[in-house]
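Using our numbering, you'd call the opening residue of the sequence shown number 43 and step up by one each time.
We put the CB at the ideal spot given by N, CA and C, even for glycine.
Below is one structure, written out as structure tokens; the observations come after it.
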Amino acid sequence: MPEQEFALPVFLPIIIGTPRQGRLTEPAAKFVCGEVSKRSDIKTEMIDIRKIPIRMDDAGEALKDSQFCATVQRADGLIIVA
């Protein structure tokens, strides 16, 4: 099936979805980012969940990382590599 292009560039950030030490998701996410970046109709950036301060005792209610929130709000969708 031929690849379909979007009329306008869509923004699809790629989230490395695990903060564990020794994770194998980072190389996979970098590969996905490289492949997605080849398309002129998709804009992307990587978000490393490990770099976002998340408290473990509030289920995310206190998440105040303004850059992460702004990125997710302007996204047309998300690619999560976990």
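In this structure, DSSP gives Ile91 a helical state, which the three-state scheme calls helix. At a Cβ-Cβ threshold of 8 Å, Pro55 and Glu87 count as neighbours.
Under a 10 Å Cβ-count criterion, Ala49 is classified as exposed, with fewer than 16 other Cβ atoms of the shown protein chains found around its own Cβ.
Scanning Ile58, Pro51, Arg65 and Met98 for the CA closest to the CA of Arg81 turns up Pro51.
Linking Arg116 to Gly64 through their CA atoms gives a straight-line distance of about 31 Å.
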